[in-house]
């Protein structure tokens, strides 16, 4: 426990920057490289790094297993729901033009929601993988 | 010239790492070498200006896969068992596959050529139309989330299915065998 002091301090130091980078990749995806998938994986990396250094119970205290299992379908629902909303507002499925009064705003809004759905599903799935593997005992 | 040199160095390192993966029998070392391989691949993607792919490769290939492989190694032995069969057949399959792949690359246009079919027809159309159509400056994002929205919805569903599948396998196991139920392990 004493030997990993540097790892623990450095992890605590680096965690917020990983999250900020994930959010940057997510919400700057319209302008720079990146998008929901990359941001989701980076956000999941933050939880996984925390779990590696501080143990699985600590990571599951932040992101409970039940929340992860709730978020995996939620992301797909947000994505598919964006398409349905576009349909209800008079367009085709996944057509973003009618989501706002201005077509260009609609496209921005649609991409924002769709990428949010991808982020939620990808991040929670990766965290679920980690929890599933790390939760196993050696037999 | 500089880019050719960088690519040459990176590809040579990748070949060295591959030989290392084949020869080393300690699986822990193999996993770490695989992680290094992914980072080298991500660097090559960076040199090729495919930053999105590089990010994915670095975080999934070098990050999460390595962690999952190490977690799996914790549950099994870390030394690869000596092969029971002769290596002749696998070597033959690998050589034939490699030869077929190299034969396939002979028909590809030279690297970086601008006037190929994929750059002159659909690619040029997307580059010209995406900003008037969607007003999103990043063409990759507008293609992924807007033009190809159905495709990305399918990809998200694939990840969803994979997550549900893994959860079902692991949860199903722990119900039948109650001793593995406790999550107190600080594995990996």
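Chains as they are written, first to last, in this note's numbering: chain Y, 14 to 152; chain D, 613 to 800. Every residue gets a Cβ at the ideal spot worked out from N, C-alpha and C, and that includes glycine. From a predicted model like this one, the values you see are computed outputs, not experimental measurements.
CA nearest to the CA of residue i, picked from the options
{"i": "residue 725 of chain D", "options": "D:631, D:645 and D:660", "result": "D:660"}
{"i": "residue 647 of chain D", "options": "D:663, D:662, D:664 and D:625", "result": "D:625"}
{"i": "residue 151 of chain Y", "options": "D:683, D:655 and D:638", "result": "D:683"}
{"i": "residue 68 of chain Y", "options": "Y:105, Y:121, Y:24 and Y:132", "result": "Y:24"}
{"i": "residue 777 of chain D", "options": "Y:90, Y:85 and Y:123", "result": "Y:85"}
{"i": "residue 692 of chain D", "options": "D:744, D:721 and D:642", "result": "D:642"}
{"i": "residue 649 of chain D", "options": "D:664, D:675 and D:637", "result": "D:675"}
{"i": "residue 120 of chain Y", "options": "Y:132, Y:95, Y:142 and Y:143", "result": "Y:95"}
{"i": "residue 652 of chain D", "options": "D:720, D:623 and D:680", "result": "D:623"}
{"i": "residue 117 of chain Y", "options": "D:746, D:662 and D:736", "result": "D:746"}
{"i": "residue 22 of chain Y", "options": "Y:146, Y:133 and Y:63", "result": "Y:63"}
{"i": "residue 775 of chain D", "options": "Y:147, Y:149, Y:141 and Y:146", "result": "Y:141"}
Residue i in three-state terms, based on DSSP
{"i": "residue 638 of chain D", "result": "strand"}
{"i": "residue 691 of chain D", "result": "strand"}
{"i": "residue 106 of chain Y", "result": "coil"}
{"i": "residue 698 of chain D", "result": "coil"}
{"i": "residue 94 of chain Y", "result": "helix"}
{"i": "residue 664 of chain D", "result": "helix"}
{"i": "residue 750 of chain D", "result": "coil"}
{"i": "residue 720 of chain D", "result": "coil"}
{"i": "residue 116 of chain Y", "result": "helix"}
{"i": "residue 76 of chain Y", "result": "coil"}
{"i": "residue 83 of chain Y", "result": "helix"}
{"i": "residue 151 of chain Y", "result": "coil"}
{"i": "residue 774 of chain D", "result": "helix"}
{"i": "residue 730 of chain D", "result": "helix"}
{"i": "residue 43 of chain Y", "result": "coil"}
{"i": "residue 111 of chain Y", "result": "coil"}
{"i": "residue 68 of chain Y", "result": "coil"}
{"i": "residue 100 of chain Y", "result": "helix"}
{"i": "residue 613 of chain D", "result": "coil"}
{"i": "residue 21 of chain Y", "result": "helix"}
{"i": "residue 48 of chain Y", "result": "coil"}
Contact test: residue i Cβ vs the ligand MG heavy atom, cutoff 8 angstroms
{"i": "residue 755 of chain D", "result": "The ligand MG is absent from the structure shown, which contains no ligands of any kind."}
Exposure of residue i, with buried meaning 16 or more beta-carbon neighbours within 10 Å
{"i": "residue 672 of chain D", "result": "buried"}
{"i": "residue 714 of chain D", "result": "exposed"}
{"i": "residue 793 of chain D", "result": "Low local confidence applies: a pLDDT of 46 at residue 793 of chain D is under 50, so the model's placement there is unreliable, with the coordinate-based value given in what follows. Exposed, since its Cβ has fewer than 16 Cβ neighbours within 10 Å."}
{"i": "residue 123 of chain Y", "result": "buried"}
{"i": "residue 764 of chain D", "result": "buried"}
{"i": "residue 613 of chain D", "result": "exposed"}
{"i": "residue 718 of chain D", "result": "exposed"}
{"i": "residue 698 of chain D", "result": "exposed"}
{"i": "residue 687 of chain D", "result": "exposed"}
{"i": "residue 779 of chain D", "result": "buried"}
{"i": "residue 799 of chain D", "result": "Since pLDDT at residue 799 of chain D reaches only 46, below the 50 mark, its modelled position is unreliable, and the value read off the structure follows with that caveat. Under this definition residue 799 of chain D is a buried residue."}
{"i": "residue 730 of chain D", "result": "exposed"}
{"i": "residue 132 of chain Y", "result": "buried"}
{"i": "residue 732 of chain D", "result": "exposed"}
{"i": "residue 43 of chain Y", "result": "buried"}
{"i": "residue 734 of chain D", "result": "exposed"}
Own chain, CB closer than 6 angstroms to residue i, minus 5 neighbours either side, in chain order
{"i": "residue 618 of chain D", "result": "659"}
{"i": "residue 654 of chain D", "result": "666, 669 and 670"}
{"i": "residue 92 of chain Y", "result": "127 and 130"}
{"i": "residue 31 of chain Y", "result": "59"}
Cβ neighbours of residue i in the same chain (closer than 7 angstroms, five flanking residues each side left out)
{"i": "residue 37 of chain Y", "result": "none"}
{"i": "residue 752 of chain D", "result": "664"}
Proximal residues to residue i (C-beta, below 8 angstroms), its chain only, five neighbours per side dropped
{"i": "residue 636 of chain D", "result": "642 and 645"}
{"i": "residue 782 of chain D", "result": "none"}
{"i": "residue 728 of chain D", "result": "721"}
{"i": "residue 81 of chain Y", "result": "137, 140, 141 and 144"}
{"i": "residue 98 of chain Y", "result": "112"}
For this session: Could you tell me whether the stretch 112 to 131 of chain Y touches the stretch 753 to 770 of chain D, where touching means 3 or more Cβ pairs closer than 8 angstroms?
Result: yes
Exercise. Do the stretch 48 to 59 of chain Y and the stretch 133 to 141 of chain Y meet, that is, are 3 or more Cβ pairs less than 8 angstroms apart?
Worked result: yes
For this session: Assess, as a yes-or-no matter, whether the stretch 112 to 121 of chain Y is touched by the stretch 625 to 641 of chain D under the definition of 3 or more beta carbon pairs within less than 8 angstroms.
Result: no
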